[in-house]
Structure formats: C-alpha cells, structure tokens
Amino acid sequence: MEVTFLGTASCVPSITRGVSCTSLRYDGTTWLFDAGEGSQIQVQRSHLVHPGKVDAIFVTHLHGDHSFGLPGLMCLIGQNRVKGDAPVEVFGPQGLRLYLRASLKLTHARVAAPYVVHELVGVPLLAPPGFRPPPPPFKQSETQLERNFLADPDKNFGEQRGGRDIRPDADGAWTLAPRGALAVRAAPMRHTVPCVGYVCVEPDKAGTLDVAKVEPILARNAEALKQAGVKEPKRIFRLLKDMARDQTFTFPDGTALKRSECVGEDKPGRVVVICGDTADASALLPLLPPRGADVVVHEATNARLEPWDADKTDAEVAEATAAHGHSTPTMAAKFASLAAAKCLALTHFSPRY
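Put into structure tokens, the structure is as follows:
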C-alpha cells in the first residue's frame, strides 16, 4: 500500500506546488483522491502513478482546487486505457455528475476514459458558525437543469450508464463499495460547501498456519481423507486458515483441531483516512476500527508563523482559519490523536507559504 502526494497546495497551483491530488495504490489498483487543476501534469511527472491504471477517483468536494483538473485527467486516463477496461468509477457529492458531464460534452472531449459517477446523496453543508452560504449556481434547480440540458449520459464523451445515487446509512455515513479489496466509507466534513472525508480499510489478513503441527495429523489421515473425497489432502491447510477463529475441524481419526490452535493471530488490515477541507473531521471517527488509523491525511491550510503573524496568538489564527472551514497543524494533530493515528500527513497549504 502506497500513498503518494501529487498536489499539496490550497486555492491555486504555483510553479512549485500543485493543488489537491493524492493517490492510493494497493493490490494492483490505483485510486486518486481529488483532482485539482494540473493533476494530469503531476500524474505524468510521477513515476509511481500510471494514468492507465487509475480505477477510481474520489472527490471530497467541488471547490475548484479539488475538481478543476478532473475533466483533463479523464482525458489523460482515456488515452492510456486498454480497450475493454472497466469504466473509471468517480465518487463525490451531488453536482459532480453534471459538472463532469457538462465539461466533457461541451468541450467535445472524445478521448475521455469510459466512466461512471456515483453521487453521495444528501451531503450536508456543515458551515462554520456565522458563515453565509453563497446563492445556488443556477436559478433553476440542478434537477431541472439536468432535465432540460445534458439530461443523459453520452458514451461518446466517456460517461457510461450505471452511476449510482448512494444514500447515507443509518449512521449518517455513506458506504461506497468501489471495485477492489478495500472497503470505503465517507462522512461529512465541516466546510463552506458540502464536503466529505474518506476512510479506506484493508481486509484483515489470515494468520500464519503452523504447518509443523498440522502435517503429522494430516499424514496419518491422508488415506482416509482421500477415501472421503479429498483428493489433495493439503487442501486442508487452506480450509483451516479460512475457518472462523473458534471453529473446529475433526479429522477421520477423531483428532479435533481448532483454528486458534494451529493458525496465528490475524493481521489487522491497514486504515487510511483522507479528509476533505475541514475545520472539524470528527464525523470520521466512528467509522474507524477500535485500533484506529494507520495514516491520516489532513489539511493544514494556515498556521501562525513568525514574523508574519507576530501580532496574533495561536488561538486567534486557529479561530480565523476555522471560520473559513479550514484547519491549522495543531487542529490536524488533535484529530490524528483522537484517531489513534500512527502517521499524520499534512497537506493543503495556503499559497502564502
């Protein structure tokens, strides 16, 4: 499992730092989280991320520094995909489907990769206290806009049918079910537009089988197992590993062997948390297993730095940062502590730095 940062700036890209884009590579698959302007350039510069191997893109919210690079990135992926590959899965809050559809269709982008958009329905606006949300981008609702303009997916511009509207579970979080081995859930972040963070959980890995303990039992039961239809007795090794921890297998000679007696402890799967822009990511905490997170990727847009902030206290900088829906390094560290994170990676740095 590898996490690679392709862009760590906020607001606008600079000549030295791209805006938000993070890759997660695991078990032959590549996922991207956010795609700010210039993400396709960063992907091409990277020796770790091959555009043709990108299977899914997870967008935290629709601010431009997290989404302006998505249409171009889809074209880059399309030029590197093999015909017949499964469509790229794109996940994110409502509005993402129409945004990507309009961008690719109105620009006649016929090289875009086949894709489907799965929208997270009902992501709330958890704006900071006192924040006045801007007016909606259209006078008519998005539902009316979709009906009157760009109503249907068009495979000529990449979009395939099959995109889902994913509704929240009873706990208020979303279960995404992307292709691949990792389980992914999302929860809302406190920000100035509807925004989510993602929790990616690797399956637990079965413990190591004590072959030396099992082989003598297997040897004296080999003939009886063959007579019972087990043509290859060593298949019992796999059966023992796949059993529940307290389950027992009884050999033909009456020897009973619990899985816990011959298989070591399962290795807990790793957990990666990728937050969107936020002044409060606490909604992600209930989604974590009791052992916590291995890696937390958290924004740190602003910080009190000398000499620029000599007239401000840490608390004043934190208050001003939170009022804009963002975090300081200290706020990120507090969340990482609550998440029992082994590693905290800071990103989304203001252009002032």
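For the sequence shown, the numbering used here begins at 9 and goes up steadily by one.
Glycine residues also receive a C-beta, built at the ideal position from the N, C-alpha and C atoms.
This structure is a prediction, so every number in the text was calculated from the model and none was measured.
Query                                                                                                                                                                       : Result
To the nearest angstrom, report how far apart arginine 109 and glutamate 167 are at their CA atoms.                                                                         : 7 Å
Could you check if phenylalanine 343 belongs to the surroundings of the ligand GTP, using beta carbon to heavy atom distance under 8 Å?                                     : What this structure holds is no ligand at all, so the ligand GTP is not there to describe.
Grab the span of the alpha helix (DSSP H) containing glycine 80 for me, first residue to last.                                                                              : 78-88
Would you mind stating whether isoleucine 49 and valine 96 have Cβ atoms separated by less than 9 Å?                                                                        : no
Determine the closest residue to glutamate 273 out of Thr321, Gly215, Glu231 and Glu327, with distance taken between C-alpha atoms.                                         : Gly215
Is it the case that the Cβ atoms of proline 294 and aspartate 179 are separated by a distance below 9 Å?                                                                    : yes
For the segment 274-288 against the segment 186-197, are there 3 or more C-beta pairs whose distance is under 8 Å?                                                          : yes
Should valine 98 and valine 67 be called a contact, given that it needs their Cβ atoms to be closer than 9 Å?                                                               : yes
Per the DSSP calculation, tyrosine 206 is bridged to which residue(s)?                                                                                                      : Ala194 and Ile282
Using DSSP's beta-bridge definition, name the partner residues of leucine 217.                                                                                              : Val271
Using DSSP bridges, identify the partner residues of glutamate 307.                                                                                                         : Thr355
Would alanine 385 pass as a contact of proline 79 if the rule is Cβ separation under 9 Å?                                                                                   : Outside the modelled stretch of the chain, which goes from 9 to 361, sits residue 385, for which no answer is possible.
Please state the DSSP three-state secondary structure of aspartate 173.                                                                                                     : strand
Which of the three DSSP states, helix, strand or coil, is assigned to valine 325?                                                                                           : helix
Take the Cβ of lysine 113 as the centre, count every other Cβ of all protein chains shown within 10 Å, and call the residue buried at 16 or more, exposed below.            : buried
Within a Cβ cutoff of 7 Å, which residues of the same chain sit near alanine 347, ignoring the five residues on either side of it in sequence?                              : Val281, Leu293, Leu296, Gly300, Ala301 and Val304
In chain order, what are the residue ranges of uninterrupted beta strand (DSSP E) at least 3 long that sit wholly in the segment 10-56?                                     : 10-15, 29-34 and 37-41
With a threshold of 7 Å on Cβ separation, who are the neighbours of glutamate 10 within its own chain once the five nearest residues in sequence on each side are excluded? : Arg33 and Leu56
Taking the continuous beta strand (DSSP E) assigned at threonine 258, which residues delimit it?                                                                            : 256-258
DSSP three-state call for lysine 266: helix, strand or coil?                                                                                                                : strand
Does the separation of the CB atoms of glycine 36 and lysine 61 fall below 9 Å?                                                                                             : yes
Between glycine 15 and phenylalanine 139, is the Cβ-Cβ spacing less than 9 Å?                                                                                               : no
Given a cut-off of 9 Å, decide if glutamate 127 and arginine 169 are closer than it, judged by their beta-carbon atoms.                                                     : no
Any C-beta of chain C sitting closer than 9 Å to the C-beta of alanine 344?                                                                                                 : Looking at the structure shown, chain C is missing, and only one protein chain is on hand.
Going by the CB atoms, is the gap between valine 201 and histidine 71 shorter than 9 Å?                                                                                     : yes
Report back the beta-carbon spacing between glycine 205 and glycine 284 to the nearest angstrom; my notes put them in contact at under 8 Å.                                 : 5 Å
Report the three-state DSSP secondary structure of glycine 103 (helix, strand or coil).                                                                                     : coil
Please name the residue or residues paired with phenylalanine 139 in a DSSP beta bridge.                                                                                    : For phenylalanine 139, which the question treats as bridged, DSSP gives no partner whatsoever.
Is it buried or exposed for histidine 116, if we count other Cβ within 10 angstroms and need 16 for buried?                                                                 : exposed
Buried or exposed: which applies to serine 22, given that a residue is buried once 16 or more other Cβ atoms fall within 10 Å of its Cβ?                                    : exposed
So what does DSSP say about alanine 64, is it helix, strand or coil?                                                                                                        : strand
From the DSSP output, which residues share a beta bridge with valine 96?                                                                                                    : Tyr123
So the alpha helix (DSSP H) histidine 74 belongs to, where does it begin and stop?                                                                                          : 72-75
Looking only at DSSP bridge pairs, what is leucine 128 linked to?                                                                                                           : Pro101 and Ile174
Going by DSSP, name the residue or residues bridged to glutamate 167.                                                                                                       : Tyr123
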